[in-house]
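Engineer: Residue numbers (my numbering), protein chains in the order written: chain A, 20 to 396; chain B, 131 to 476.
If you scroll down you'll find the structure; I have some questions about it.
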């Protein structure tokens, strides 16, 4: 594939890996958090760790939209579908997240709920147009990348007078989550961030300034291709070696300091800050999520159907919360790979391919067990 | 002989209705004017509830497969030919020569008879081309909304080839793993015409009957250990099955795995892995490493195996993991697909 293969080139990767080996200082550990699930996935899928020296420790961050959604949010969606008989539309992974009463949206579908997987909020609009007699709710999730398309859908619905369309809004904000991780008193020790790729195309690189300035943590924004990740790691190592803490941009082909102003304006027109929002793992974080502005209140499913959010504790054995904060690795959870697998996830991190647990289970768990040549036949 | 039915079936504008499955005259007419006409052979012509078949020389193999693909027509094929190829392939990869097929149709009330005609005609053409006749069948009609157009279940019977012992349990450490052609064509061809996802692409399903390729291969390399057709779940699922059954591990070389650029691009766009995508005309072969070159030559000599490649090797591994050396230079597992990324693909 033209334009993509260049960023996956094995020869370049080996050369870059050798350079990184040469640059790490002996006896020093480099604890780098890749915030985004997209990076977590790339690291596991391409086996990036195999090309890095052992001093570089990659810590998975909370940037997986499905993972940070608390159980109570899925419960709301299930109530809309089962009790209010709405057609509930959402992205594929969301449908498999475990909720209360051993349900998920997919299992609710088995009980007669009308749940539909869509690839875009505009698909949900199409469902609303095609079913004028039914309520259609789009379960909107995601960081700044998926918010502009949702804003487009809401504006489009308003323009068309689509009265049967509404939104269960769970859009969240990346900088607020990074702040929550760094501000946690007993939190994970980090030396720097591999900064978000697609999120940064929307918000730009400027919003990460405080993490370098106030917390002294280098941030290098990186694309989602494996060479992007390796190059960003090299840039972080150089900052750490030099004692610098700056926001640098590896993903210059897509990210500018100011980001996508048009998308930002669109989001600001439709959404405003929620005072607080509960995240899985991070707890209740102030000013970390969005809700519809008063002018668009008619499209707010929470208000329309009267399904307020109620917090629900995670499964007792599930370590998703600590994993999302970077404090534990997936294999340190005692139900990882036993009670909790991608086929029967207990926690949200085992659901999405961007989740730390699913990525490790699907791509990396051969590293845990004994070496490959234990028997002879 | 004059037809017993006063009015001919309107195959152009008519629709399936409940009477076509009710056992009355309408059903007899549908069978006679459509199924028998298209699929006709000496066994169907017996006109009984089943087919009387001649004795077979050798142990029998039997396989069955239900086909529920949506949409019914897709680039490179339709549910008709797919239902013939699918079962022929299941019999063939058992190391057998497919002899006969049985077919059961569940038709949805309202299905245009023109569509049904196209499907049955495609099925007949596939059976003829493969030399494997549909010798008996059944038709049921269900109310509108209780099925999706047409579901077809086919069952195949074949006779095991002499001196051949292929099974998913036969892979041994050191064996070579080969594939007969590029992966993911069928699944992505279906995706490209799905209602909610249609995208322009040159991708065409690989649906094909593999028994000729299998026969040629087994003639050239009789001590082939494993044959499989990687349908649902793709290469990843099939190799995990083989690893489980044989109690071995497998290591793939990503750079050697053939995937067409259009399939790779479509997968990239949709966040899918070509190794998870269904194929309907590909063969996975495991053979002793010493036979790998002969196997490759035999596969490439057949029109359906021209793009065959050696993609990995079997290793000893109690954990029965399938791993892959990535083109990037790392290593990762190739696991079963979790959930169902692509429902109703075959």
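Each residue gets a CB set at the ideal place from its N, CA and C atoms; glycine is no exception.
Which residue wins for smallest C-alpha separation from residue 442 of chain B, given the options B/307, B/322 and B/423?
Structural biologist: The residue you call residue 442 of chain B lines up with position 312 of the second chain. Residue B/307 is the option with its Cα nearest to residue 442 of chain B.
Engineer: For residue 203 of chain B and residue 209 of chain B, what's the separation of their Cα atoms in angstroms?
Structural biologist: Counting from 1 along the second chain, the entry for residue 203 of chain B is found at position 73. Counting from 1 along the second chain, the entry for residue 209 of chain B is found at position 79. Spanning the two alpha carbons is a distance of roughly 7 Å.
Engineer: Along the stretch 48-78 of chain A, what residues have a CB closer than 8 Å to any CB found in chain B?
Structural biologist: From the stretch 48-78 of chain A, only 63, 64, 65, 66, 67, 68, 69 and 70 have a Cβ closer than 8 Å to chain B.
Engineer: Please list, in chain order, all residues of the same chain as residue 167 of chain A whose beta carbon is under 7 Å from its beta carbon, the five residues on each side excluded.
Structural biologist: Mapped onto the first chain, residue 167 of chain A falls at position 148. Taken in chain order, the residues that qualify are 221, 282, 285 and 286.
Engineer: Cβ closer than 9 Å: which chain E residues qualify as neighbours of residue 465 of chain B?
Structural biologist: Absent from the structure is chain E; the protein chains it does hold are A and B.
Engineer: Run the CB neighbour count on residue 456 of chain B, radius 10 Å, all protein chains shown included, and call it buried at 16 or more, exposed below.
Structural biologist: Taking the first residue of the second chain as 1, we reach residue 456 of chain B at position 326. The residue in question, residue 456 of chain B, is buried, as its Cβ has 16 or more Cβ neighbours within 10 Å.
Engineer: If contacts are defined as beta-carbon pairs under 8 Å, then residue 323 of chain B and residue 201 of chain B qualify, I think. What distance do you get, rounded to the angstrom?
Structural biologist: Counting from one through the second chain, the residue named residue 323 of chain B turns up at place 193. Counting from one through the second chain, the residue named residue 201 of chain B turns up at place 71. That pair is a contact at about 6 Å.
Engineer: Counting only C-beta atoms, is residue 275 of chain B closer than 8 Å to chain A at any point?
Structural biologist: Against the second chain, residue 275 of chain B aligns to sequence position 145. With 8 Å as the cut-off, residue 275 of chain B does not count as an interface residue toward chain A.
Engineer: Let me check understanding here. Comparing Cα to Cα, which of A/200, A/254 and A/252 lies closest to residue 230 of chain A?
Structural biologist: Taking the first residue of the first chain as 1, we reach residue 230 of chain A at position 211. Residue A/200 is the option with its Cα nearest to residue 230 of chain A.
Engineer: Can you tell me whether DSSP reads residue 235 of chain A as helix, strand or coil?
Structural biologist: Counting from one through the first chain, the residue named residue 235 of chain A turns up at place 216. In the structure shown, residue 235 of chain A sits in coil (DSSP, three-state: anything other than H, G, I, E or B).
Engineer: Would you verify that the beta carbon of residue 91 of chain A is, or is not, closer than 8 Å to some beta carbon of chain B?
Structural biologist: Counting from 1 along the first chain, the entry for residue 91 of chain A is found at position 72. No, residue 91 of chain A lies away from the interface with chain B (no Cβ there is under 8 Å from its Cβ).
Engineer: Establish whether the CB of residue 456 of chain B and some CB of chain A are separated by less than 8 Å.
Structural biologist: Position 326 of the second chain, counting from 1, holds the residue named residue 456 of chain B. Yes, because at least one Cβ of chain A sits closer than 8 Å to the Cβ of residue 456 of chain B.
Engineer: If you run the structure through DSSP and keep just helix, strand and coil, what is residue 76 of chain B?
Structural biologist: Nothing about residue 76 of chain B can be read from this structure; chain B reaches only from 131 to 476.
Engineer: Give, in chain order, every residue of the stretch 25-46 of chain A whose Cβ lies closer than 9 Å to some Cβ of chain B.
Structural biologist: If the cut-off is 9 Å between Cβ atoms, the stretch 25-46 of chain A has 27, 28, 29, 30, 32, 33 and 36 near chain B.
Engineer: Go ahead and label residue 235 of chain A buried or exposed: buried means 16 or more other beta carbons lie within 10 angstroms of its beta carbon, across all protein chains shown.
Structural biologist: Walking along the first chain from the start, residue 235 of chain A turns up at place 216. By the 10 Å Cβ count, residue 235 of chain A comes out exposed.
Engineer: Identify whether residue 30 of chain A lies in helix, strand or coil by the three-state DSSP scheme.
Structural biologist: In the first chain, counting from the first residue as 1, residue 30 of chain A sits at position 11. Reduced to three states, the DSSP call for residue 30 of chain A is helix.
Engineer: Just to confirm the assignment, what range does the beta strand (DSSP E) spanning residue 192 of chain B have?
Structural biologist: The count along the second chain starts at 1 and reaches residue 192 of chain B at position 62. First-last of the beta strand (DSSP E) with residue 192 of chain B: 190-197.
Engineer: Given a limit of 7 Å on CB to CB distance, which residues of the stretch 434-460 of chain B reach chain A?
Structural biologist: So the list reads 445, 446, 447, 448, 449, 451, 453, 456, 457, 458, 459 and 460, given in the order they occur along the chain.
Engineer: Output needed in chain order: residues of the stretch 243-254 of chain A with a Cβ under 7 Å from some Cβ in chain B.
Structural biologist: Within the stretch 243-254 of chain A, the qualifying residues are 245.
Engineer: The alpha helix (DSSP H) that contains residue 179 of chain A, what's its start and end?
Structural biologist: In the first chain, the residue the question calls residue 179 of chain A occupies position 160. Unbroken alpha helix (DSSP H) run through residue 179 of chain A: 166-179.
Engineer: Comparing C-alpha positions only, which one of B/221, B/265, B/372 and B/291 sits nearest to residue 188 of chain B?
Structural biologist: On the second chain, residue 188 of chain B is found 58 positions in, with the first residue counted as 1. Closest option to residue 188 of chain B, Cα to Cα, is B/291.
Engineer: State the beta-bridge partners of residue 212 of chain A as determined by DSSP.
Structural biologist: Position 193 of the first chain, counted from the start, is the residue given in the question as residue 212 of chain A. Beta-bridge pairing links residue 212 of chain A to A/52 and A/238.
Engineer: For residue 148 of chain A, write down the residues that DSSP places opposite it in a beta bridge.
Structural biologist: Locating residue 148 of chain A in the first chain gives position 129, counting from the first residue. According to DSSP, which records beta bridges pairwise, residue 148 of chain A is partnered with nothing at all.
Engineer: Between which two residues does the alpha helix (DSSP H) containing residue 128 of chain A stretch?
Structural biologist: Your numbering for residue 128 of chain A matches position 109 in the first chain. Its alpha helix (DSSP H) spans residues 124-129.
Engineer: Please confirm if residue 191 of chain A has its CB atom under 8 Å from at least one CB of chain B.
Structural biologist: By one-based count along the first chain, residue 191 of chain A stands at place 172. It does not; no Cβ of chain B falls within 8 Å.
Engineer: Applying a beta-carbon distance threshold of less than 7 Å, which residues of chain B neighbour residue 23 of chain A?
Structural biologist: Sequence index remark: in the first chain, residue 23 of chain A carries index 4 (1-based). Correct list: 398.
Engineer: Please confirm whether any heavy atom of the ligand ATP lies closer than 7 Å to the CB of residue 104 of chain A.
Structural biologist: Judged by which ligands are present, the structure shown has none, so any question about the ligand ATP falls away.
Engineer: So the candidates are A/30, A/160, A/188 and A/139; which of them puts its Cα closest to the Cα of residue 113 of chain A?
Structural biologist: Taking the first chain and counting its residues from 1, one reaches residue 113 of chain A at position 94. Closest option to residue 113 of chain A, Cα to Cα, is A/160.
Engineer: Measure from the C-beta of residue 462 of chain B to each C-beta in chain A and report whether the shortest distance is under 8 Å.
Structural biologist: The count along the second chain starts at 1 and reaches residue 462 of chain B at position 332. Yes, because at least one Cβ of chain A sits closer than 8 Å to the Cβ of residue 462 of chain B.
Engineer: If you reduce the DSSP assignment to three classes, tell me which class residue 132 of chain B lands in.
Structural biologist: In the second chain, the residue the question calls residue 132 of chain B occupies position 2. Note on residue 132 of chain B: pLDDT 49, under 50, position unreliable in the model; no value is reported.
Engineer: So is residue 263 of chain A buried or exposed if we call it buried at 16+ other beta carbons inside 10 Å?
Structural biologist: Position 244 of the first chain, counted from the start, is the residue given in the question as residue 263 of chain A. With fewer than 16 Cβ atoms within 10 Å of its Cβ, residue 263 of chain A is classed as exposed.
Engineer: Is the CB of residue 468 of chain B under 8 Å away from at least one CB in chain A?
Structural biologist: In the second chain, residue 468 of chain B corresponds to position 338, counting from 1. Interface residue, yes.
Engineer: Measuring CA to CA, which of A/380, A/323 and A/71 is closest to residue 252 of chain A?
Structural biologist: Walking along the first chain from the start, residue 252 of chain A turns up at place 233. Of the candidates A/380, A/323 and A/71, the one whose C-alpha sits nearest the C-alpha of residue 252 of chain A is A/71.
Engineer: Return yes when the Cβ of residue 195 of chain A is within less than 8 Å of the Cβ of residue 306 of chain A, no when it is not.
Structural biologist: Stepping through the first chain from its first residue, residue 306 of chain A is reached at position 287. Stepping through the first chain from its first residue, residue 195 of chain A is reached at position 176. Result yes, Cβ atoms of residue 306 of chain A and residue 195 of chain A sit closer than 8 Å.
Engineer: For the structure I just gave you, are there three or more beta carbon pairs, one from the stretch 289-309 of chain A and one from the stretch 255-271 of chain A, closer than 8 Å?
Structural biologist: Segments in contact, no.
Engineer: Could you pull the start and end residues of the beta strand (DSSP E) that residue 119 of chain A belongs to?
Structural biologist: Position 100 of the first chain, counted from the first residue, corresponds to residue 119 of chain A. Where residue 119 of chain A is concerned, there is no enclosing beta strand (DSSP E), given that its DSSP letter is neither H nor E.
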